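Step one of this worksheet: look at the structure below.
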Amino acid sequence: MKAASPFVQVIAKSWWIGVLVGEHAWASSRLVKVIALARHGNRTPNAQVVEVCPKASEGILKEFRTEYAKQSAALSRVGMSECGQAGRFLRERYMQDETSSEGSSETKILPGGPFIDTERSFFFSERMDRNVVSLISLTQGLYPLGTGVDGFSAANPNYVPILTAEPFRDTTMNLPRDGPCKPRYSRDKKAYAKKLGRKLETEADSPERDMLTKFGAVCGFDFLKMRPSEGEQKEAGDEDKAVHKPTAWALKAAADMFNFANNEGINITDYFEAANQPVSLFEQVKSLSTDFTREERFGKPQQLVYWLGDFFARVLRPNLSAPEKSKRRETFSLPGVSLKSKFPWSLTPEEFFDHQKLLVFMNHREFLVALCTVLGIDWGAKKALAPGAMLVLELHEDEGDYFVKFLAWSPSKPAFADKAEYHKEKRPVSELFASGPAGDAHEVFPTACRGSIPGHWCRLEEVFAAYDELVNSVGTWQEVCHLDHREQRSSSFFGLFGTPSSTLASLPSVDEQERFNTLNLIAEDPSPLGGIYSGSYHGMYDNGDQLLKTSKDHTTYNNFAVTGNWVVLLLLAAVGAASIFSRLVDSACRVMTTLQARRDALAHYSLMNN
């Protein structure tokens, strides 16, 4: 008999909630801990805008008042202010000394006063500079200047430790761009670039072509031919020097430049008027760029798997699941804590679970889009995420059961005129974000929470089941990313002996992995997509998109993994037997040599006596 899917199992378990809870106000519940998933704030444009939008990039980059670098896209002044306001929101809602209207006495789970590193809070950032600076800004809003420990500096600052991902080995925060899935991500981007290129080439009268042509006049760049427009060549022959990148890549960089500039309080209307184009074209281009980017990066369900990477396994499951009371040892890879409660100075896993109250993770927008899509949260799955936005997960316990309350938070939006004035006069723009409400927070209810009552909280099991359903259908990220078969065998082998298996331990470089990736663990044999995806994922995949693998492929992979394990064991047994045999032979030789020496000595002794 076929086992029920995770969703069916969870719905069966949680059906009684709809009967027993009704309009229950959760008065007896308590807030256990909070996990905040944030996006970096407003930033400066990408470095390539000088090539793909030469007419506007020079002026806009100058207005950002930052040194241009080929590794650009640093956090802007408004971006720092947005993230600082995110920290203020967390402070007002969860810190005990705060008396603001945000939150209630039940939500005040963080101790007040200065930041003291007692592991009650934890901060982790994807390694890009703008993410690190965003998280620094957030911690300064959470622990403002002047509230730190006394006796160090008259300013009483708070120094809050922040951890970041390892470069090029990231499997938790940015797997497809800074981890072992980069080759697969590159192939997906190239496939979409070809698809979009064919569409733009064959549909001569499409609105997309018309919009790209008009926007090209604003930028001085031909987005269809991917080269500077006539009259924008820097020197003779430049008209033949194409930028060998996809149209979607160039359009996103240029659209982001205008979007971030507008959010910063920098005037962009002059550039459109100079090209005889209405300013309304900006919103149209931004929408088109968003559509291209979503289809490129989330057009297939398996792409959701590599954007989420190890996050469920390393962060959500261990930090939201209460450990067994009898458990004496536990290791949390994130936040990086090893508990051995046999020592009187160490917390038990159960004590630590209740001790740590706040975990904050700073990342790019793609991570939040993927998570919201899997859970069925329109706020992030369908709507454009504002710079600095956060999805806050509150873990509540009620009579032994655990529930998650989801809060969608966005920074406040000061009037453009106010930001422009502050920008022009070089006044601290953070003042516009320091007073009034700390952004906008509202509760969102995931459609993945099928067994819970809409409008109430989501059972913890349903959060995990939504991700498990995705993985069971399209594969783990290792399978989706086509990791080298040697890597898979290594992980499986170590797992047999209880050694922590880590794909980071022996991970080949991206280039090496791509060269030796000769075994397709997942055949690209399409099978019709149905079931959960057509309903839970908001129709993103209702167009008959195809899954990557079939059950046959999965069986082949499993058979390969099992066979690989037995081969390794047999080889080890053979090597061990050979080693033992060699030692036995060596020992026998030593014994024979010793006996011969004794015989020679006795013979010599007898000869001397005779």
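Counting from 1062, one number per residue, gives the positions in the sequence shown under the numbering used here.
Beta carbons are placed, not taken as given, at the ideal position from N, Cα and C, and that holds for glycine.
Remember, predicted model here, so these are calculated numbers, not experimental data.
Just to confirm the assignment, what range does the alpha helix (DSSP H) spanning residue i have?
{"i": "tyrosine 1463", "result": "Element bounds for tyrosine 1463: not the alpha helix (DSSP H) but the beta strand (DSSP E), 1462-1471."}
{"i": "serine 1198", "result": "1190-1203"}
{"i": "tryptophan 1440", "result": "1439-1442"}
{"i": "proline 1362", "result": "1362-1369"}
{"i": "glutamate 1356", "result": "1341-1359"}
{"i": "serine 1166", "result": "Careful: serine 1166 lies outside any alpha helix (DSSP H) and carries neither H nor E."}
{"i": "threonine 1434", "result": "1426-1436"}
{"i": "asparagine 1380", "result": "1378-1381"}
{"i": "lysine 1256", "result": "1243-1263"}
{"i": "valine 1111", "result": "1110-1113"}
{"i": "alanine 1527", "result": "1521-1535"}
Would you decide whether residue i is buried or exposed? Buried here means 16 or more other CB atoms lie within 10 Å of its CB.
{"i": "alanine 1314", "result": "buried"}
{"i": "glutamate 1291", "result": "exposed"}
{"i": "glutamate 1460", "result": "exposed"}
{"i": "histidine 1503", "result": "exposed"}
{"i": "alanine 1276", "result": "What sits at residue 1276 in the sequence shown is phenylalanine, not alanine. Per the 10 Å Cβ criterion, buried."}
{"i": "valine 1366", "result": "buried"}
{"i": "serine 1133", "result": "buried"}
{"i": "proline 1489", "result": "exposed"}
{"i": "isoleucine 1641", "result": "exposed"}
{"i": "lysine 1251", "result": "exposed"}
{"i": "glycine 1173", "result": "exposed"}
{"i": "phenylalanine 1404", "result": "exposed"}
{"i": "threonine 1308", "result": "buried"}
{"i": "threonine 1263", "result": "exposed"}
{"i": "aspartate 1479", "result": "exposed"}
{"i": "arginine 1259", "result": "exposed"}
{"i": "threonine 1409", "result": "buried"}
Just the C-alpha distance for residue i and residue j, rounded to the nearest angstrom, thanks.
{"i": "valine 1139", "j": "serine 1407", "result": "42 Å"}
{"i": "arginine 1245", "j": "asparagine 1219", "result": "42 Å"}
{"i": "glutamine 1672", "j": "leucine 1446", "result": "Outside the displayed range of the chain (1062 to 1671) lies residue 1672, so it cannot be described from this structure."}
{"i": "lysine 1317", "j": "serine 1399", "result": "Before going further, note that residue 1317 is aspartate rather than lysine in the sequence given. Whole-angstrom Cα-Cα distance: 42 Å."}
{"i": "leucine 1645", "j": "alanine 1638", "result": "10 Å"}
{"i": "arginine 1358", "j": "aspartate 1249", "result": "8 Å"}
{"i": "arginine 1238", "j": "histidine 1543", "result": "15 Å"}
{"i": "alanine 1383", "j": "phenylalanine 1464", "result": "12 Å"}
{"i": "aspartate 1283", "j": "leucine 1273", "result": "8 Å"}
{"i": "leucine 1122", "j": "glycine 1212", "result": "42 Å"}
{"i": "alanine 1450", "j": "threonine 1208", "result": "25 Å"}
{"i": "cysteine 1280", "j": "glycine 1512", "result": "51 Å"}
{"i": "valine 1571", "j": "glutamate 1540", "result": "For valine 1571, the pLDDT reaches just 36, beneath the cut-off of 50, and the residue's location in the model is therefore unreliable, leaving the point undetermined."}
{"i": "threonine 1233", "j": "asparagine 1337", "result": "46 Å"}
{"i": "arginine 1270", "j": "glycine 1102", "result": "31 Å"}
{"i": "glutamate 1112", "j": "glycine 1240", "result": "28 Å"}
{"i": "phenylalanine 1506", "j": "arginine 1426", "result": "20 Å"}
{"i": "alanine 1278", "j": "proline 1115", "result": "11 Å"}
{"i": "glutamate 1344", "j": "threonine 1351", "result": "11 Å"}
{"i": "phenylalanine 1414", "j": "lysine 1169", "result": "17 Å"}
Using DSSP's beta-bridge definition, name the partner residues of residue i.
{"i": "threonine 1208", "result": "Looking at the DSSP assignment, threonine 1208 forms no beta bridge with any residue, so it has no partner."}
{"i": "valine 1421", "result": "Ala1097 and Phe1184"}
{"i": "serine 1399", "result": "Thr1392"}
{"i": "histidine 1503", "result": "Ala1469"}
{"i": "valine 1453", "result": "Ala1097 and Leu1468"}
{"i": "arginine 1091", "result": "Glu1458"}
{"i": "phenylalanine 1282", "result": "Pro1289"}
{"i": "leucine 1224", "result": "Phe1185"}
{"i": "leucine 1136", "result": "Arg1104"}
With residue i as the anchor, note down where its beta strand (DSSP E) starts and where it stops.
{"i": "valine 1490", "result": "Neither: valine 1490 is in no beta strand (DSSP E) and is coded neither H nor E."}
With distance defined between alpha-carbon atoms, name the residue in the options nearest to residue i.
{"i": "asparagine 1217", "options": "Phe1176, Asp1239 and Arg1248", "result": "Phe1176"}
{"i": "phenylalanine 1185", "options": "Leu1257, Glu1482 and Val1193", "result": "Val1193"}
{"i": "leucine 1432", "options": "Ser1089, Arg1091, Ala1099 and Val1095", "result": "Ala1099"}
{"i": "proline 1475", "options": "Leu1456, Ala1495, Phe1343 and Tyr1463", "result": "Ala1495"}
{"i": "arginine 1008", "options": "Asp1190, Leu1203 and Gly1512", "result": "Examination of residue 1008 is not possible in this model, given that the chain is present from 1062 through 1671 alone."}
{"i": "proline 1498", "options": "Arg1488, Ser1471 and Arg1511", "result": "Ser1471"}
{"i": "tryptophan 1538", "options": "Leu1122, Cys1242, Ser1142 and Ala1147", "result": "Cys1242"}
{"i": "cysteine 1144", "options": "Arg1188, Val1453, Gln1201 and Arg1181", "result": "Gln1201"}
{"i": "serine 1341", "options": "Thr1330, Ser1090 and Pro1362", "result": "Thr1330"}
{"i": "glutamine 1363", "options": "Lys1260, Val1535 and Phe1321", "result": "Val1535"}
{"i": "proline 1396", "options": "Arg1389, Ser1182 and Glu1492", "result": "Ser1182"}
{"i": "isoleucine 1327", "options": "Lys1116, Leu1092, Ala1634 and Gly1120", "result": "Gly1120"}
{"i": "glycine 1437", "options": "Asp1271, Ala1634 and Thr1508", "result": "Thr1508"}
{"i": "proline 1228", "options": "Ala1265, Glu1187, Lys1256 and Ser1198", "result": "Glu1187"}
{"i": "glycine 1360", "options": "Thr1127, Thr1434 and Leu1196", "result": "Thr1434"}
{"i": "leucine 1429", "options": "Leu1468, Phe1125 and Lys1485", "result": "Leu1468"}
{"i": "arginine 1154", "options": "Glu1356, Ala1097 and Leu1224", "result": "Ala1097"}
Between residue i and the ligand COA, is the CB less than 7 Å from at least one heavy atom?
{"i": "arginine 1091", "result": "As presented, the structure is devoid of all ligands, the ligand COA included, so that no description of it is given."}
Of all Cβ atoms in chain D, is any one closer than 8 Å to the Cβ of residue i?
{"i": "lysine 1444", "result": "Absent here is chain D; the protein component of the structure consists of one chain."}
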